[in-house]
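Colleague:
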Amino acid sequence: MTKLEYLTALEQELRCFPADFAEDILKDYREHFRLGQENGKTEQQICEELGNVHEFAKELKEAEPDLAAAGIRLAPAVLPGSASGEQNKATGAGAADNSCDDQNNVPGYDCRRVQANFTSADVIVRRSPDGLAHAYYRNRGSLDNKLNIRFDCHQEGDTLYLSLEENAFQKRSLFGFASFLVTISKCDISILIELPEKFQDVSIRTKSGDIRAEKISAQKFLAESFSGDIHTDSCEVEVMALKTKSGDMELRNCLADEFQGSLLSGDVSINSCRIGRLNLSSLSGDISGRDNAISQAEVSGTSGDLTICGSLQKGDLHSVSGDISLYLENKTPSELNIRNTSGDTNIRLAYAGGLNARTSSTSGDMEIRYNGQRQRASGIPGRSLTLNSGSEPAFVTVKSVSGDIRISEA
Amino acid sequence: MNAQLKKGALELCVLAQLAPKDRYGYELTDTISQEMSIAAGTLYVILKRFKEEAYVETYLVESPDGPARKYYHLTPSGHEYLKKSLREWKEFVLAVERLTEN
Numbered sequence: 309m310t311k312l313e314y315l316t317a318l319e320q321e322l323r324c325f326p327a328d329f330a331e332d333i334l335k336d337y338r339e340h341f342r343l344g345q346e347n348g349k350t351e352q353q354i355c356e357e358l359g360n361v362h363e364f365a366k367e368l369k370e371a372e373p374d375l376a377a378a379g380i381r382l383a384p385a386v387l388p389g390s391a392s393g394e395q396n397k398a399t400g401a402g403a404a405d406n407s408c409d410d411q412n413n414v415p416g417y418d419c420r421r422v423q424a425n426f427t428s429a430d431v432i433v434r435r436s437p438d439g440l441a442h443a444y445y446r447n448r449g450s451l452d453n454k455l456n457i458r459f460d461c462h463q464e465g466d467t468l469y470l471s472l473e474e475n476a477f478q479k480r481s482l483f484g485f486a487s488f489l490v491t492i493s494k495c496d497i498s499i500l501i502e503l504p505e506k507f508q509d510v511s512i513r514t515k516s517g518d519i520r521a522e523k524i525s526a527q528k529f530l531a532e533s534f535s536g537d538i539h540t541d542s543c544e545v546e547v548m549a550l551k552t553k554s555g556d557m558e559l560r561n562c563l564a565d566e567f568q569g570s571l572l573s574g575d576v577s578i579n580s581c582r583i584g585r586l587n588l589s590s591l592s593g594d595i596s597g598r599d600n601a602i603s604q605a606e607v608s609g610t611s612g613d614l615t616i617c618g619s620l621q622k623g624d625l626h627s628v629s630g631d632i633s634l635y636l637e638n639k640t641p642s643e644l645n646i647r648n649t650s651g652d653t654n655i656r657l658a659y660a661g662g663l664n665a666r667t668s669s670t671s672g673d674m675e676i677r678y679n680g681q682r683q684r685a686s687g688i689p690g691r692s693l694t695l696n697s698g699s700e701p702a703f704v705t706v707k708s709v710s711g712d713i714r715i716s717e718a
Numbered sequence: 024m025n026a027q028l029k030k031g032a033l034e035l036c037v038l039a040q041l042a043p044k045d046r047y048g049y050e051l052t053d054t055i056s057q058e059m060s061i062a063a064g065t066l067y068v069i070l071k072r073f074k075e076e077a078y079v080e081t082y083l084v085e086s087p088d089g090p091a092r093k094y095y096h097l098t099p100s101g102h103e104y105l106k107k108s109l110r111e112w113k114e115f116v117l118a119v120e121r122l123t124e125n
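From first to last, the protein sequence lines stand for chains H and F.
Numbering-wise (the numbering used here), the first sequence opens with residue 309 and increments by one.
Numbering-wise (the numbering used here), the second sequence opens with residue 24 and increments by one.
1) Apart from the five residues on each side of it in sequence, which residues of its chain come closer than 7 Å, Cβ to Cβ, to ALA63 (chain F)?
2) DSSP on LEU343 (chain H), reduced to helix/strand/coil?
3) Could you work out which residues of chain H lie near LYS44 (chain F), taking near to mean beta carbons separated by less than 7 Å?
4) Kindly list, in the order they appear in chain H, the residues whose Cβ is closer than 9 Å to that of ALA77 (chain F).
5) Return helix, strand or coil for LEU318 (chain H), following the three-state DSSP convention.
6) Which residues of chain C have a Cβ atom closer than 8 Å to the Cβ of HIS539 (chain H), listed in chain order?
7) In terms of DSSP beta bridges, what is ASP541 (chain H) paired with?
8) Helix, strand or coil for LEU614 (chain H), going by three-state DSSP, please let me know.
9) Which residue's Cα is closest to the Cα of LEU563 (chain H): H:LEU586, H:ASP575 and H:PHE703?
10) Of the residues that make up the segment 43 to 69 of chain F, which ones have a beta carbon closer than 9 Å to any beta carbon in chain H?
11) Look up ALA443 (chain H) in the DSSP assignment and give the residues it is bridged to.
12) From SER633 (chain H) to LYS523 (chain H), what does the alpha carbon distance come to, in whole angstroms?
13) Could you name the residues of the same chain whose beta carbon sits closer than 8 Å to that of LEU387 (chain H), not counting the 5 residues immediately before and after it, in chain order?
14) Could you tell me the distance, in whole angstroms, from the CA atom of THR427 (chain H) to the CA atom of GLU532 (chain H)?
15) Starting from the Cα of PHE703 (chain H), find the closest Cα among H:PRO326, H:TYR659, H:ILE713 and H:ARG684 and give me that residue.
16) What residues in its chain sit with their C-beta under 7 Å from that of GLY690 (chain H), if we drop five residues either side in the sequence?
17) ARG435 (chain H) to ASP541 (chain H), Cα distance in whole Å?
18) Under the rule that 16 or more other beta-carbon atoms within 10 Å means buried, what is TYR82 (chain F), buried or exposed?
19) Which residue marks the beginning of the beta strand (DSSP E) containing VAL295 (chain H), and which one marks its end?
20) So, using beta-carbon positions, are ALA441 (chain H) and ASP460 (chain H) closer together than 9 Å?
21) For the segment 358 to 373 of chain H, enumerate the residues whose C-beta is nearer than 8 Å to any C-beta of chain F, in chain order.
22) Mark GLU394 (chain H) as exposed unless 16 or more other C-beta atoms lie within 10 angstroms of its C-beta, in which case mark it buried.
23) So with Cβ pairs under 9 Å, would you call GLU319 (chain H) a contact of chain F?
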């Protein structure tokens with residue numbers, strides 16, 4: 309390890325202490341390097357002799373717990389020899405950096421919104437035990453990785469801002485040549501955000517990295533990841549908007565007035581949820597919902613299968629090549645409008661009060677069976693079927709080009 | 024040797040090294056780490072704590088050939104603490120010797 313690497317790592321570890329306290333220690337260490345080198349020792353030898361940076365910081369926190377708790381930290385001081393000439397940057401009133409693993413040092417924020425933007429981090433959002441918001445940051449990566457990530461957490465007004473920045477500048481100065489790509493492996497950085505109940509807005513964005521929310525109650529909850537999975541469990545929100553490109557999505561036991569989900573290639577699984585209006589679009593992944601109560605659903609899938617078991621009042625469901633299977637348990641009449649280009653559609657209704665069904669398929673087989681009545685068409689191109697039964701019917705319309713259609717009682 | 028014990032003994036050594044004359048950081052850590060294998064970082068933790076407790080004071084001495092050097096000086100209360108710690112250490116060592124006499 310070089311002297312600059314050692315001192316930078318040390319400086320990071322000392323971020324929970326007051327600035328002058330930390331600077332004092334760094335001065336001692338710099339002097340130790342200087343004198344050691346004067347005595348003919350190599351940087352590597354001196355690093356070994358000084359000992360493990362993290363262990364040192366731990367011992368220091370044990371020896372000075374009050375100071376460790378009192379630290380309000382600014383952006384890292386510029387070390388001598390670094391190429392960037394940036395001054396210390398204040399990150400606003402109440403700035404705090406929480407790169408300490410010690411959870412006792414983390415301040416609580418009284419805020420109504422949180423906006424988090426990360427490059428690559430796994431994020432967990434859960435309910436805070438004390439009515440204040442907290443953010444914890446852990447970086448298990450290599451030293452290279454640690455030196456170049458800065459975690460920022462500060463409050464402005466009633467919003468808590470969290471971000472991870474990659475410090476390209478510092479990287480250049482450390483290794484002395486032009487910038488190169490750094491791949492940060494997915495699980496190196498984890499961030500835990502604790503929020504009080506009845507929160508207003510939550511917005512979490514990460515490029516790669518999973519997002520998991522548990523027991524969050526908020527007006528708006530937004531989570532976006534490029535390649536990571538998104539899980540929400542036992543959350544109660546007015547509006548939930550989840551977006552992922554290649555990751556999966558899972559909702560369990562959630563309550564939402566409105567849910568918007570958008571995926572490219574991942575699967576969605578919605579279980580035991582109560583949702584007012586659901587709007588879901590998926591390109592190639594499967595969509596599966598079990599044991600849910602959904603008032604209104606607008607689902608658009610391209611090649612994945614769509615399976616819904618539960619109660620659905622009103623559904624507008626489209627698929628291009630995936631199959632659509634519905635097992636509807638509601639005791640009230642549904643209103644379903646389904647378009648499936650080449651996938652098969654299979655609907656089973658528990659509702660016994662009547663059915664008004666119209667299906668048309670250009671080349672697929674069709675069958676409707678309800679309350680003793682039965683309509684069938686197979687091998688007859690361009691045919692449409694209708695079945696009318698009962699006084700308060702469910703309305704089901706299915707259109708397909710080449711897929712089969714089957715509607716029956718459960 | 025268990026960590027707590029070593030730490031206590033180390034504190035004593037640091038105090039004792041500073042008693043006869045003021046020393047600068049590197050000199051202190053170098054001398055002690057020659058006698059026992061200890062991470063110099065640990066010594067800096069001790070020095071830091073002593074400074075917070077006012078057992079030790081620091082001052083800078085300008086040097087012609089580089090940045091100023093930081094010297095550590097044992098304060099009167101530091102001397103008191105050294106006397107007390109030395110006494111406790113001696114009592115402890117005697118007690119262990121007595122109990123391990125076979």
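Even glycine gets a Cβ: it sits at the ideal position worked out from N, Cα and C.
As the structure is a computational prediction, the values presented were derived from the model and not from experiment.
Modeller: According to the structure shown:
1) So the qualifying residues of the chain are THR52 and SER56.
2) Helix, per DSSP.
3) Those do not exist, as LYS44 (chain F) stays about 17 Å from chain H at its closest Cβ, beyond 7 Å.
4) Residues of chain H passing the Cβ test: none, with the nearest at roughly 14 Å.
5) Helix.
6) You won't find chain C in this structure, because its protein chains are H and F.
7) H:GLU522 and H:ARG560, per the DSSP bridge assignment.
8) In the three-state reduction of the DSSP assignment, LEU614 (chain H) falls in the strand class, which pools E and B.
9) With distances taken between Cα atoms, LEU563 (chain H) lies closest to H:LEU586.
10) Within the segment 43 to 69 of chain F, the residues whose Cβ lies closer than 9 Å to any Cβ of chain H are, in chain order, TYR47, GLY48, TYR49, GLU50, THR52, ASP53, SER56, ILE61, ALA62, ALA63, GLY64, THR65, TYR67, VAL68 and ILE69.
11) Residue pairing of ALA443 (chain H) in beta bridges, as defined by DSSP: H:ILE501.
12) C-alpha separation (whole angstroms): 30 Å.
13) Since pLDDT at LEU387 (chain H) reaches only 26, below the 50 mark, its modelled position is unreliable, and no value is offered.
14) Going by C-alpha positions, THR427 (chain H) is about 12 Å away from GLU532 (chain H).
15) Closest option to PHE703 (chain H), Cα to Cα, is H:TYR659.
16) Around GLY690 (chain H): THR670.
17) Those two C-alpha atoms are separated by around 11 Å.
18) By the 16-neighbour rule on beta-carbons within 10 angstroms, TYR82 (chain F) is exposed.
19) No statement about residue 295 (chain H) is possible, as the shown extent of chain H runs from 309 to 718 and does not include it.
20) No.
21) Residues LEU358, GLY359, ASN360, VAL361, GLU363, PHE364, GLU367, LEU368, ALA371 and GLU372.
22) Low local confidence applies: a pLDDT of 29 at GLU394 (chain H) is under 50, so the model's placement there is unreliable, with the coordinate-based value given in what follows. By the neighbour-count criterion, in which 16 or more other beta carbons inside 10 Å mark a residue as buried, GLU394 (chain H) falls on the exposed side.
23) So, not an interface residue.
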